[in-house]
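Everything on this sheet refers to the single structure shown next.
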Amino acid sequence: MAQASTFTDSALSDKVKEFLTRFKDRDGNYKYVDAIDEMMPKNAKYIIVDYNDLVIEPQIEIMFSQNPDRIFDAFARAIKEALQTRFPEYAEKIKDEVRVRLINFPLERSLRQINAETIGKITSVSGMVVRASEVKPLAKELVFVCPDEHPTKVIQLKGMDVKIPIVCDNPSCKHRDFELKPEASKFIDFQILRLQELPEDLPPGQLPHYIDVTTRQDLVDNSRPGDRIILTGVVRVEQESVAGVQRGHSGLYRLRIEGNNIEFLSGRGSKTDRKIGREEISPEEEKLIKSLAQSSDVYQRLIDSFAPHIQGQSLIKEAILLLIVGSNQRLLGDGSKIRGDINVFLVGDPGTAKSEMLKFCARIAPRGLYTSGRGSTAAGLTAAVVRDKTGIMMLEAGAVVLGDQGLVSIDEFDKMKPEDRSALHEVMEQQSASIAKGGIVATLNARTSILAAANPMYGKYDPFKNITENVNLPIPLLTRFDLIFVVRDIPTKERDMQIAKHIIRRNTSQGTDKKSVIEVDLLTKYLSYAKRGTPELTKEAEAKILDYYLQMRNVESEEMITVTPRQLEGIVRLSTARARLLMKDKVEEEDAERAIFLIQSMLQDAGVDVNTGKVDLGVLQGKPRSEVSKMQLFMDILKGLEGDNKVPVEEKTFVKELEKSEKFTEEEARNYIRRMLREASIYESKPGHYNRV
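Counting in full-length UniProt numbering, the sequence shown runs without a single skipped number right up to 693 at its last residue.
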């Protein structure tokens with residue numbers, strides 16, 4: 001039998017054609033004949049060939065490792081010939097664009113293993129798309145004309161260089177100057193992607209490698225920044241221009257992959273399951289998930305399975321699970337959107353496992369990213385405009401855009417620079433990130449849940465101060481969080497005992513062994529399956545939420561405003577998320593009750609005004625009502641005493657008047673005067689006398 005490499009090109013394509021027309025799959029269907037028949041109705045220009053099917057044709061298979069370009073050409077010719085017998089017109093129309101796409105190529109390398117030895121070979125590599133250029137036309141075949149209108153063809157094959165013709169094709173013609181005729185030339189779409197190593201494949205202490213990938217025809221715009229993909233393609237080299245060396249004479253080259261096919265990686269980029277498509281839940285897993293959802297204690301089990309290596313904190317774990325599942329985004333008739341994503345903020349003492357929860361959350365979420373506030377900028381969180389080495393301006397997606405329809409955990413939220421943090425205002429309410437730089441004006445989707453954690457200003461949370469004084473965060477940002485948890489480290493004997501035992505057990509050989517815990521992969525699949533649900537509010541749940549809202553608005557004792565419509569939306573979101581997590585199609589009364597319980601426990605935690613001991617949402621919005629009214633009173637009394645002529649007011653009379661109002665004791669009044677002096681609301685006009693500023 002002749003060696004495959006000794007075949008002529010036409011013999012090779014006959015061999016391939018024979019394989020395509022004769023191959024039957026397990027069910028006895030002619031798989032590739034059907035695929036070719038479907039090309040015209042689908043208007044497709046390629047068929048997908050599974051590499052595993054080529055095992056029966058060792059001669060074809062060996063060509064892929066020896067000379068991939070030849071075998072790809074042979075496939076293209078074979079498919080074209082097979083098409084010509086069935087749809088001659090369609091075959092003629094797409095004759096230059098037919099090609100094959102290969103899936104399940106077994107030789108998978110990591111990005112680090114793509115080196116000089118792999119040049120010219122076919123390989124498949126997994127990575128994350130971090131950047132995509134715009135789509136540009138690439139010349140396939142250029143037609144030049146000389147001044148006498150004689151056409152001269154230049155076929156641009158390898159690399160990016162086009163040599164302009166020197167002499168005209170017409171022998172009698174002497175012209176040496178040519179111009180391009182674009183309408184007679186042929187172009188195809190072309191795009192450059194940048195593929196970066198997956199974080200989980202990184203060897204310790206290394207920076208992630210990246211490689212540029214060129215994609216053509218229908219592969220362009222197939223994957224977006226943030227997608228994890230397996231790319232199959234041929235490794236190429238192109239010359240690098242080095243400063244000081246005449247162009248084209250440099251000995252340095254750089255690697256590039258010419259993409260042949262893109263498959264999407266499931267959830268966490270495990271090497272085993274290479275399935276195409278984004279929802280990778282097999283029917284067996286679906287059965288498992290559904291039976292899990294039916295069990296009576298599923299809610300508790302889910303909470304226990306979230307970060308089982310952390311003892312306690314089940315309320316926070318529950319909130320984070322609801323955040324991962326989220327509620328569905330609603331479109332109103334006028335085109336405006338109501339956000340469905342839940343944002344949660346944890347603030348608390350050091351060593352209360354906040355960062356652990358954030359990391360775990362980013363790991364099990366169907367699409368999750370973890371960043372730390374110290375090293376994040378506004379551009380890195382939303383989007384940046386970068387200039388490529390070719391001079392093309394490119395839009396590079398940041399964390400919240402990469403995490404679209406997923407979640408982003410931001411640790412050390414208080415350590416971010418204020419101007420960087422302000423980039424999140426729009427993300428958290430409008431669910432988009434807008435950018436206007438370098439002539440690129442774009443609004444990108446950022447339908448992202450944000451889970452943030454921060455430490456209190458003075459190291460430990462001070463229970464005698466309100467939350468705004470404990471956390472160094474702007475108030476508009478605080479009100480955008482649906483739930484705020486204060487994680488306090490209060491020593492209690494039995495709890496400390498449990499935690500200590502738990503930590504010690506975690507560090508011994510038997511580790512944490514819990515029978516009821518759902519394993520991580522299944523938990524991720526459960527959550528991504530739960531995200532598909534769209535439960536509707538029932539009448540009982542609506543009534544429950546309404547009652548609670550009106551009751552909370554009705555605390556009229558000291559003109560305290562307790563809840564705002566934002567909290568109402570938060571309750572609806574939380575109850576929908578809970579119904580979704582339990583895979584129900586209706587939001588029932590118990591879901592609403594649980595959501596109200598969560599909001600209520602947040603208010604008991606973070607929303608209590610420490611001066612009066614009452615729940616008061618003014619606390620989350622800067623100044624509690626009691627403070628505001630006291631301050632108002634203080635200023636009114638001073639104004640009254642000053643009269644119209646702005647007389648300096650003596651301290652003694654002032655303190656007496658303040659005491660008469662029964663809101664101040666003498667000591668409080670004097671302290672208040674000192675405080676107002678510090679805040680520069682009043683000034684000492686002459687010793688012991690005060691005026692308003």
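No residue lacks a Cβ here, since even glycine has one placed at the ideal position from N, Cα and C.
Requested in this report: Starting from K437, trace the alpha helix (DSSP H) both ways and give me its first and last residue.
Outcome: One-based indexing of the sequence shown puts residue 437 at position 437. For K437, no alpha helix (DSSP H) run applies; the uninterrupted beta strand (DSSP E) run containing it begins and ends at S432 to K437, by DSSP.
Query - D349 vs K460 beta-carbon contact at 7 Å - result: Numbered from its first residue, the sequence shown carries residue 349 at position 349. Numbered from its first residue, the sequence shown carries residue 460 at position 460. A contact, by the Cβ cut-off of 7 Å.
Requested in this report: Would you please state the rounded distance, in angstroms, between the beta carbons of A397 and A383? I believe it to be under 8 Å.
Outcome: Residue mapping note: residue 397 aligns to position 397 of the sequence shown, counting from 1. Residue mapping note: residue 383 aligns to position 383 of the sequence shown, counting from 1. Contact between A397 and A383 is confirmed by a C-beta separation of about 6 Å, below the 8 Å threshold.
Query raised in the report: Where L331 and R339 are concerned, what is the direct C-alpha to C-alpha distance, given to the nearest angstrom?
Result: Within the sequence shown, numbered from 1, the residue matching residue 331 stands at position 331. Within the sequence shown, numbered from 1, the residue matching residue 339 stands at position 339. Spanning the two alpha carbons is a distance of roughly 9 Å.
Query raised in the report: With respect to 6 Å, is the separation between the Cβ of V235 and the closest non-hydrogen atom of the ligand SAH below this value?
Result: Ligands in the displayed structure: none, and consequently the ligand SAH is not present.
Report task. Quickly, what does DSSP pair V647 with across the bridge? List them, please. Result -> The count along the sequence shown starts at 1 and reaches residue 647 at position 647. Bridge partners of V647: none, in fact.
Query raised in the report: Between which two residues does the beta strand (DSSP E) harbouring P41 extend?
Result: For the purposes of this step, residue 41 is identified with residue 41 of the sequence shown, where counting begins at 1. Here P41 belongs to no beta strand (DSSP E); instead the alpha helix (DSSP H) covers M39 to K42.
Query raised in the report: If S305 sits next to V517, beta carbons under 8 Å apart, how far is it from one beta carbon to the other, in whole angstroms?
Result: Position 305 of the sequence shown holds residue 305. Position 517 of the sequence shown holds residue 517. Their Cβ separation, rounded to whole angstroms, is 5 Å, which keeps S305 and V517 in contact under 8 Å.
Query raised in the report: Can you tell me the Cα-Cα spacing of R553 and R505, whole angstroms?
Result: Indexing the sequence shown from 1 puts residue 553 at position 553. Indexing the sequence shown from 1 puts residue 505 at position 505. Their Cα atoms are separated by approximately 48 Å.
Query raised in the report: Using DSSP with H/G/I as helix, E/B as strand and the rest coil, what is L522?
Result: As a first step, residue 522 must be located in the sequence shown, where it is residue number 522. Looking at L522 - three-state DSSP - the assignment turns out to be helix.
Query raised in the report: Candidates L346, V587 and I545: which alpha carbon is nearest V487's?
Result: On the sequence shown, residue 487 is found 487 positions in, with the first residue counted as 1. Ranking L346, V587 and I545 by Cα distance to V487 puts L346 first.
Query - Beta-ladder partner(s) of I484, from DSSP - result: Counting from 1 along the sequence shown, the entry for residue 484 is found at position 484. Beta-bridge pairing links I484 to F345.
Query raised in the report: In whole angstroms, what separates the C-alpha of K317 from that of V572?
Result: For the purposes of this step, residue 317 is taken as the residue at position 317 of the sequence shown. For the purposes of this step, residue 572 is taken as the residue at position 572 of the sequence shown. Each residue's Cα considered, the two are about 19 Å apart.
Query - Entirely enclosed beta strand (DSSP E) segments - the segment 118-166, minimum 3 residues - result: 122-132, 136-145 and 151-155
Query raised in the report: Leaving out five residues before and five after T214 in sequence, what residues of the same chain have Cβ atoms less than 7 Å from its Cβ?
Result: The residue labelled residue 214 in the question sits at position 214 within the sequence shown. F190, I192, R256, E258 and G259, listed in sequence order.
Query raised in the report: Are the segment 82-95 and the segment 55-73 touching, with three or more C-beta to C-beta distances below 8 Å?
Result: no
Query - Beta-carbon contacts of N222 that lie in its chain and below 8 Å, excluding the five residues immediately before and after - result: Taking the first residue of the sequence shown as 1, we reach residue 222 at position 222. Result list for N222: T215 and I262, in chain order.
**Report entry** Nearest-angstrom Cα separation, counted from I342 out to K686
**Finding:** Position 686 of the sequence shown, counted from the first residue, corresponds to residue 686. Position 342 of the sequence shown, counted from the first residue, corresponds to residue 342. One C-alpha to the other measures close to 54 Å.
Query raised in the report: Taking the continuous alpha helix (DSSP H) assigned at K354, which residues delimit it?
Result: In the sequence shown, the residue the question calls residue 354 occupies position 354. Segment K354 to I364, the alpha helix (DSSP H) holding K354.
Requested in this report: Apply the 10 Å Cβ neighbour rule to N645 and answer buried if 16 or more other Cβ atoms are within range, or exposed otherwise.
Outcome: Taking the sequence shown and counting its residues from 1, the one referred to as residue 645 is at position 645. By the neighbour-count rule (16 or more Cβ atoms within 10 Å), N645 is not buried but exposed.
Query raised in the report: Looking only at DSSP bridge pairs, what is V386 linked to?
Result: The residue labelled residue 386 in the question sits at position 386 within the sequence shown. Its beta-bridge partners are M394.
Query - CA-to-CA distance, A184 to T272, given in whole angstroms - result: By one-based count along the sequence shown, residue 272 stands at place 272. By one-based count along the sequence shown, residue 184 stands at place 184. The pLDDT assigned to T272 is 34, lower than 50, so where the model puts this residue is not dependable, and the model offers no usable value.
Query raised in the report: So D496 is in the alpha helix (DSSP H); what residue range does that whole segment cover?
Result: The residue labelled residue 496 in the question sits at position 496 within the sequence shown. Boundaries of the alpha helix (DSSP H) around D496: K493 to R506.
Query raised in the report: Nearest CA to the CA of G127: which residue from R228, A365, A423 and R692?
Result: In the sequence shown, counting from the first residue as 1, residue 127 sits at position 127. Ranking the options by Cα distance to G127, first place goes to R228.
Query - 8 Å contact criterion, which I211 and L302 should meet: CB distance rounded - result: Here the question's residue 211 lines up with position 211 in the sequence shown. Here the question's residue 302 lines up with position 302 in the sequence shown. Not a contact, Cβ separation roughly 40 Å.
Query - Beta carbon of D462 nearer than 7 Å to that of N455 - result: Translated into positions along the sequence shown, residue 462 becomes position 462. Translated into positions along the sequence shown, residue 455 becomes position 455. No, the pair does not count as a contact, with Cβ atoms beyond the cut-off.
Requested in this report: Using beta-carbon positions only, say whether residue 694 and V100 come within less than 7 Å of one another.
Outcome: Since the first residue of the chain shown is 1 and the last is 693, residue 694 is not available in this structure.
Query raised in the report: A592: which of Q604, T232 and L546 sits nearest, CA to CA?
Result: As a working note, residue 592 is residue 592 in the sequence shown. Of the candidates Q604, T232 and L546, L546 places its Cα closest to the Cα of A592.
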